[in-house]
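So the protein lines, in turn, are chains U and L. Quick note: the first sequence, position 278, residue 284 per the numbering used here, numbers continuous. Quick note: the second sequence, position 191, residue 197 per the numbering used here, numbers continuous. We treat Cβ as the ideally placed atom computed from N, Cα and C, and that holds for glycine. Below is one structure, written out as structure tokens; the observations come after it.
There are 2 protein chains.
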Amino acid sequence: MDWTDLQHFLALAREGTLSAAARNLNVDHVTVARRVAALEASLSLKLVDRRPRSYELTEDGKRIAKIGDPMTETAFAVERAVQASKSGIGGEITISAPPSLANVLIAPKLIRLRHLHPGIRIKLIGEKRTASLNRREADLALRLSRPTEPGLIARKIGYFEFALYGSPDYLKTTPPHAFAFVAYDSSMDDAPQQRWLMRFAASREIVLRTNDLENQAAAARTGIGLAALPKFLGEADPQLQRHDIGGRPVGREVWLVVHRDLRRAPMVRAVAGFIETCLA
Amino acid sequence: MDWTDLQHFLALAREGTLSAAARNLNVDHVTVARRVAALEASLSLKLVDRRPRSYELTEDGKRIAKIGDPMTETAFAVERAVQASKSGIGGEITISAPPSLANVLIAPKLIRLRHLHPGIRIKLIGEKRTASLNRREADLALRLSRPTEPGLIARKIGYFEFALYGSPDYLKTTPPHAFAFVAYDSSMDDAPQQRWLMRFAASREIVLRTNDLENQAAAARTGIGLAALPKFLGEADPQLQRHDIGGRPVGREVWLVVHRDLRRAPMVRAVAGFIETCLA
DNA sequence: GTCCATCTGTGCGAATTCTCACAACGAGAT
DNA sequence: ATCTCGTTGTGAGAATTCGCACAGATGGAC
């Protein structure tokens, strides 16, 4: 049995479509189709039903995929072990962080990291979707809450508060009872800063909902209303002015997360230390 | 990371040499060498030291091999699951058995099995070395004692006794105090039939030691001395005559062994049932 | 309806990979 | 000493595999 064939089949089983599996494996979708067909031939067992617009696993295929799935996990464990084995500081390291943190607090300071360790190549992923450290989509991650996945080690390395910001002109001309607001869309309704904003807004209007914090800031700058922004974003922007309100301010913790297997890797330690200084 | 590269590296780590790994994987040794080199290149990590006459794992290589080893086990589990998934009775099935059992009790009757299930292809391995059912070197195995490996299911399906045999002429002309004996070599000193023979021989001479029971039988036929042979071998041979001695006879049980994962596979059940009738 | 995005299937040329044959070398047996 | 067996290394040709470009088809948005 060809292991690569099996790898492609497992990717197909996991992702659901040839194309998604192909993206996942960084190959052409045709290759996935061919390898799955080759696996079926070598096992003399039908694993998928080829429907006009989709591949569907047969019962046998589902069973095989379930049994073979641990191979994927082990393969990732091997990759982590490899990364951990690398003694020198050099090569590529991937950092995942919420976009705003990545843009404002990390990216501008990366030049210093390059200066400290010239051999290093940094890949910074600013994504809302939390990258999986288990699957080695990233070596290090910044998160706003303590992760619960097993195998991950998290350290609280920072804290930041939110405040309401609007354009100076808007704040000067608009009475508080007429404030309009900019918020995340409803998928973020559980986030503390969103609840905080909603409670303060009460019955006043939400004029814009967007998932992107930069968009919220941009909207607030134009004078459309008030947005809840991290202070590290709002204070640095001359086109935004803080509007203080009473009560307990809301804030989020910043956690630095690393997989247990990579904890001791020199490069990971170096970069983790650097990120801590960024947030100090 | 290429899974096939990893597979080749794991085989090398397990087998110790390029050539042995190549045999194990049914490829050329050059292929193993290249794939291991490719793996090292893609991981940027040295896994083996290339010495003039051997490959030796580096510390990193040992660690990686240990971590990746479960992949091999899972791959075998997949193969077993595939075999178990095959609904019809057809295709190849591998049976492992001690050579004498294979030759005398199984092989002559296989024609009947073919008759019952024309689609079946049988691979009968008569080896002293017990094939690993876990690694799917065989689907079914006959053993002379209950196996202890986890995951295996064993049923006692037979019992046979040993007796001493020599050529009729030898037994007629030789007084018991002058008997000479044919035995297994010392690697079999723990086997019940060997201990039984040795105790009876006491100080009398062992003139031939051979691992192969057929050789023992052939030697006994020529009149060199007495050999401890299964009755199913000795009684059927007109050139051999039993020499009864007092005391408890020695015998061995016959166990039919199958991996838990294959227990319910139709073809395995069919062949297992057939083998039981062979020994009934 | 039309457009657009997404998915799978096909044919072909290019790149890669494998096997084969041969070589060199050392260990152990005779 | 010689022979045989098993090991790794090298080079070349053959076989395989892959990616690309394009096609067809479907569902959703407008």
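Look at residue i and residue j and say whether their C-beta atoms are less than 7 angstroms apart.
i        : j        : result
LYS129/L : GLU98/L  : yes
ALA242/L : VAL188/L : no
GLY231/U : VAL213/U : yes
ILE70/U  : ALA87/L  : yes
LEU119/U : HIS265/U : no
PHE166/U : GLY257/U : yes
ARG135/U : LEU262/U : no
GLN89/L  : TRP9/U   : no
PHE168/U : GLN199/U : yes
MET3/U   : THR78/L  : Outside the displayed range of chain U (7 to 286) lies residue 3/U, so it cannot be described from this structure.
CYS284/L : ILE112/L : yes
LEU268/L : VAL260/L : no
SER106/L : LEU219/L : yes
ASP175/U : ASN217/U : no
ALA226/L : TYR171/L : yes
Can you name the start and end residues of the beta strand (DSSP E) that residue i belongs to?
i        : result
TYR165/U : 158-172
ASP55/L  : 54-57
LYS129/U : 126-132
THR100/U : 97-103
ALA147/L : 146-149
GLN247/L : 247-249
Apart from the five residues on each side of it in sequence, which residues of its chain come closer than 7 angstroms, Cβ to Cβ, to residue i?
i        : result
LEU18/L  : LEU24, ALA27, VAL38, VAL42 and TYR61
ASP55/L  : GLU62 and THR64
GLN177/U : The residue asked about is misnamed: residue 177/U is Leu in this sequence, not Gln. Contacts found: GLN247 and HIS249.
ALA144/L : THR100, ILE101, SER102, ILE131 and ALA137
How would you write the range of the alpha helix (DSSP H) that residue i sits in, first residue to last?
i        : result
ILE73/L  : 65-91
PRO198/U : 198-207
GLU46/L  : 35-49
VAL260/L : Run containing VAL260/L: none in the alpha helix (DSSP H); it sits in the beta strand (DSSP E), 257-265.
ALA27/L  : 24-31
HIS123/L : Premise fails: HIS123/L is in no alpha helix (DSSP H) and is neither H nor E.
PHE187/L : PHE187/L -> not in any alpha helix (DSSP H); beta strand (DSSP E) instead, spanning 187-189.
ARG20/U  : 9-21
GLU282/L : 272-285
GLY296/L : This structure leaves residue 296/L out entirely; chain L is present only between 7 and 286.
Taking C-beta pairs closer than 7 angstroms, name the residues in chain U that residue i reaches, listed in chain order.
i       : result
GLN13/L : TRP9
Which same chain residues, not among the five before or five after residue i, have their C-beta less than 8 angstroms away from its C-beta?
i        : result
THR228/L : SER173
ASP34/U  : ALA28
ASN30/L  : ALA17, ARG20 and GLU21
Starting from the beta carbon of residue i, find every residue of chain L whose beta carbon is closer than 8 angstroms, and list them in chain order.
i       : result
ILE73/U : THR80, ALA83, VAL84 and ALA87
SER50/U : LYS92 and GLY97
Under 7 angstroms Cβ-Cβ, which residues of chain L neighbour residue i?
i        : result
ARG69/U  : ALA87 and SER91
LEU268/U : Those do not exist, as LEU268/U stays about 13 angstroms from chain L at its closest Cβ, beyond 7 angstroms.
ASP66/U  : SER91
Going along chain U, which residues have a C-beta under 9 angstroms from residue i?
i       : result
MET77/L : TRP9, PRO76, MET77, THR80, ALA81 and VAL84
Leaving out five residues on either side along the sequence, give the residues of the same chain with a beta carbon under 6 angstroms from the beta carbon of residue i.
i        : result
LEU150/U : ARG258
GLU282/U : ILE163
Can you check the region 206-234 of chain L for any alpha helix (DSSP H) of at least 4 residues that lies completely inside it and give the ranges in chain order? The region 206-234 of chain L contains these whole alpha helix (DSSP H) runs: 219-227.
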